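Going by our numbering, 49 is the number at position 67 of the sequence shown; the sequence numbering is gapless.
Don't be surprised by glycine CBs; every beta carbon is placed ideally from N, CA and C.
Because the structure is a prediction, the values reported are computed rather than measured.
Written out below as structure tokens is the structure these notes cover.
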Amino acid sequence: MISIHKMNKDAQMRAAINQKLIETGERERLKELLRAKLIECGWKDQLKAHCKEVIKEKGLEHVTVDDLVAEITPKGRALVPDSVKKELLQRIRTFLAQHASL
């Protein structure tokens, strides 16, 4: 069983990493890379098509933005190619190796 202390320590580590990513501008660069890769692989078009399907099935007057987000988020995550996930993970690992003082 994971202790609360370990969970708090993990949360603190994630916060410190996120802060360093923001401070160095790396977080924004990673977001831009992700956007470009998702467009390049057709993810954006696939998700747009899925949105249209959901709206067509439920009817425009019966779909809220929150409903749409709840419906498409799991599919959107599932559609991200493994190669894109691996590339981002590798870039984060490289960043962490360069900033080992975290």
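- Under the three-pair Cβ rule at 8 Å, the region 63 to 72 counts as touching the region 11 to 22.
- When Cβ pairs closer than 8 Å are counted between the two stretches, the region 48 to 63 is seen to touch the region 29 to 36, the count reaching three or more.
- For G58, the secondary structure class from DSSP, reduced to helix, strand or coil, is helix.
- Annotation for A79: the continuous alpha helix (DSSP H) segment containing it runs 64 to 80.
- Under the three-state reduction of DSSP, T6 is assigned to helix.
- The three-state reading of DSSP puts C33 in helix, counting H, G and I together.
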